[in-house]
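Chains as they are written, first to last, in our numbering: chain Z, 1 to 792; chain V, 793 to 905.
What follows is the structure in structure tokens.
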């Protein structure tokens, strides 16, 4: 029903705007316009204001073309994309400051043609492109997909008011797929190039494809952003919750009159600090640290560092010491109870006690027990601690290569700790323990510093009153500590360090001593360890001696103990299997448990043919018998030396040969023997490196024996350095060497005269059994060693 | 309303048609619709009622201007306009009247008593 006017229906294309063939062109900076979109634009340049003015009085239609490069100052035709949008100006107003604002609505895509004017503004011919409405199923599917994506996008988009979301959702209702793609692109936050790409995609399908891609990417970005956001949020709220609960806890504790954890902790330390009775300097440092601690939040990383440091400070025995047992008789009893023999070391300890009794504030002293393995160095240290009534700390220095092991790390390092000395004292809980530094000879230097240099400070009674650990940074008084070091060899210990110590040599034990030790200590201990008692197993002296002689060859007692343990195990098995009658170990029985005899008296085995002589060598494990073999063959003046001989030993062999050659006539050897023969000297075992001058006498004897064709007596062993003048010079390790010859069943030992003093160290029982021949000249050696003596 | 209006019209609008401002009020007897359509020739306004759909459309003609005229402000919508309203109250169709006076289009829709 027509109420007003004449028309019933509007003619379909009635309101379509026709775009003229030529349009003024406005370059668009930082934006783009799509057909049917409305946007707000602002210009201030004179020529473009003129463009708008001119357009408004005409048809209000202009071409909006994007710039390829947004930074161009005065865009010409070459800076413009070839495609843009024709638009109608809807509204316009000019602000007082000369800016023209206007609202435009895109009409349709246009392709730029020829430019007809460049000044004052561009004008160009345009070709209008209109969307073909192609609605096949593919397009429909794409549109549906994009709708879904877009809805999701709008939902996820942050900072959008509900109203704005509602309006954006309105796009979904749009029916025309081309317009739909344009509308979404126009509202997406993508680059201008990408938007231009959509503008130039005249074909609907292509346009939809592009939009799908952009929308997917935007969604991904949004989803990722949201994920991060929500993670942050949950983390925050967790921490907030924790903080809140903690605060509540604090409030509750306050209300109940309780203190929080940290206050309790700090008060605890304060209490301990009072009890620890620190020296003034240390106390100051501790109080300062405590003050720092109380101001720190417990969550701070520093807190635990500071806390640990304070723990160390308060737990060190600054003023805790044990009372020495000054009863000399009692100490002596304890020492004897634990060890047989070792008189020298025991004497030294008792003397120390005696002095201490007279002079209370006596300094500690530094002993070094040196000797072969298994001679009881470490256990003697323990025994000393027991005799004195002191605490015992043992620190093995074997393989220590780092100075900080001794002196600690600075507190700035993560996980820093004091050095082992301070650690040991904390463990001992007393500032005057017996501190044993084991294997001081096996310490090594490395790029991390030389631990032996750090030990110099520790082991100097004059300096160690103020021992400074890197971690503590407060001096600690070590002067009351009794340091005992042990070493197998003295040579590897640096001179300066060796000089600080009083060396007590524990050389090997004699057979009789071993027997005594076995009876008193080893057998009872092994019986106990194997759950046996004397009613099961009894050792006769003979049987122990047999084990010592035939199954072990050592300076110490470890192998003997092992062999006795083997027997105990064997007996334990028999007992466990139900055997009732006790085992009585006699001379013949060890082989039942230990198998065939392991060692033979090597000397007896050597046939006394010319060219072999018996020498004695000193090794870290005690003395050792060695043989020097010499042989002669046709040749010309060559001396061959084999058996891994060191430089000194080779020189000593040459000296021996020279002396033989120079004395050939007196010795009854053809003077030109060397002209027609080669001499070979060999010292078995060939794989063991040997060095030192002490085999000189032996080599000379072997050569003489070879050349005079008179064998050496097999019960004679010898040691000593020789000179070119035929003098026999003194050597070291006499006690070990003599014990070794005794073990090997030798009865006569030739020693340099100048070593006479060393015979004092040799146990009486051996002196009684053996014949010592002290010589000054080589001639005397020949006299004694060679069968038939010296032919003159 | 302003926001919705602006967005409806300006963010994206499939057609170029502008919508004139409209008042609707109701008394016990009738519904009154006033549409602001200034500066029109009567023949350029059309109103039809189809069942309960009231449609108002037409065109405000562009004034003929030429240089050296310069605009400083341009706010008046021109060209095709259209409004479509749905009347939910039962009305006496035959008694509906429309008049254009002093720039306002007045439509009176008497209610079915």
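A virtual CB, placed ideally from N, CA and C, is assigned to each residue, including glycine. Small disclaimer: the values here were computed from a predicted structure and weren't measured.
When CB distances to chain V are screened at a threshold of 9 Å, not a single residue of the stretch 252 to 270 of chain Z falls below it. Rounded to whole angstroms, the Cβ separation of residue 720 (chain Z) and residue 697 (chain Z) is 4 Å, and the two are in contact under 8 Å. Boundaries cannot be given for residue 694 (chain Z), as no beta strand (DSSP E) includes it and DSSP labels it neither H nor E. In the three-state reduction of the DSSP assignment, residue 455 (chain Z) falls in the helix class. Against chain Z, the CB of residue 842 (chain V) has a partner CB under 8 Å away; the residue lies at that interface.
Contact between residue 584 (chain Z) and residue 538 (chain Z) holds, since their C-beta atoms are separated by about 5 Å, short of 8 Å.
Between residue 432 (chain Z) and residue 480 (chain Z), the CB-CB gap stays under 8 Å. Judged by DSSP secondary structure, residue 6 (chain Z) falls outside any alpha helix (DSSP H); it is assigned neither H nor E. Within the stretch 70 to 94 of chain Z, the complete beta strand (DSSP E) segments at least 3 residues long are 80 to 94, listed from N- to C-terminus. Listed by position along chain Z, the residues whose Cβ is nearer than 7 Å to that of residue 858 (chain V) are 57. Annotation: the continuous alpha helix (DSSP H) that includes residue 312 (chain Z) extends over 301 to 315. Comparing alpha-carbon positions, the option among Z:395, Z:439, Z:346 lying closest to residue 372 (chain Z) turns out to be Z:439. C-alpha of residue 515 (chain Z) to C-alpha of residue 691 (chain Z): approximately 33 Å in a straight line.
Residue Z:617 holds the alpha-carbon nearest to the alpha-carbon of residue 627 (chain Z) among Z:420, Z:461, Z:543, Z:617. Within the stretch 118 to 169 of chain Z, complete beta strand (DSSP E) segments of at least 3 residues are found at 122 to 129, given in chain order. In the structure shown, residue 114 (chain Z) adopts extended strand secondary structure according to DSSP, grouped into three states. Here residue 338 (chain Z) carries a helix assignment [DSSP, helix/strand/coil]. The count of Cβ pairs closer than 8 Å, one atom from the stretch 888 to 900 of chain V and one from the stretch 817 to 829 of chain V, reaches three, so the stretches are in contact. Nearest C-alpha to residue 7 (chain Z) among V:815, V:817, V:838: V:838. Ranked by how close their Cα comes to the Cα of residue 115 (chain Z), the residues Z:24, Z:96, Z:5 have Z:24 in first place. For a Cβ distance threshold of 8 Å, nothing in chain V lies close to residue 135 (chain Z): the least Cβ distance comes to about 16 Å. Residue 223 (chain Z): not part of any beta strand (DSSP E); member of the alpha helix (DSSP H) spanning 204 to 255, first to last residue. In the displayed model, residue 902 (chain V) falls within a strand according to three-state DSSP.
Between residue 656 (chain Z) and residue 699 (chain Z), the beta carbon gap of about 4 Å places them in contact (Cβ cut-off 8 Å). Excluding residues up to 5 positions away in sequence, 828 lie with their Cβ nearer than 7 Å to the Cβ of residue 813 (chain V) in the same chain. At a cut-off of 3 residues, the continuous stretches assigned as beta strand (DSSP E) that sit fully inside the stretch 804 to 847 of chain V are 814 to 818, 822 to 828, 837 to 842. If you look at residue 782 (chain Z), you'll find it in the alpha helix (DSSP H) that goes 778 to 785. Excluding the 5 residues flanking it on each side, residue 393 (chain Z) has same chain C-beta neighbours closer than 8 Å at 424, 425, 427, 428, 433, 434, 435, 436, in chain order.
Its chain contains 448, 449, 450, 451, 453, 454 as the residues whose beta carbon lies nearer than 8 Å to that of residue 403 (chain Z), once the 5 sequence neighbours on both sides are disregarded; these appear in chain order. For a cut-off of 8 Å, the C-beta gap from residue 840 (chain V) to residue 1 (chain Z) is around 6 Å, short enough to register as a contact.
Chain-ordered listing is empty here: chain Z has no CB closer than 7 Å to the CB of residue 830 (chain V), the nearest sitting near 16 Å.
When rounded, the separation of the alpha-carbon atoms in residue 572 (chain Z) and residue 517 (chain Z) is 22 Å. When DSSP states are grouped into helix, strand and coil, residue 332 (chain Z) belongs to the helix group. With its beta carbon at least 8 Å from every one in chain V, residue 214 (chain Z) lies outside the interface. Against residue 839 (chain V), the close residues of chain Z are 2, 3, 4, 5, in the order they occur along the chain (beta-carbon pairs closer than 9 Å).
Classified as buried, residue 694 (chain Z) has 16 or more neighbouring CB atoms from the shown chains inside 10 Å of its CB.
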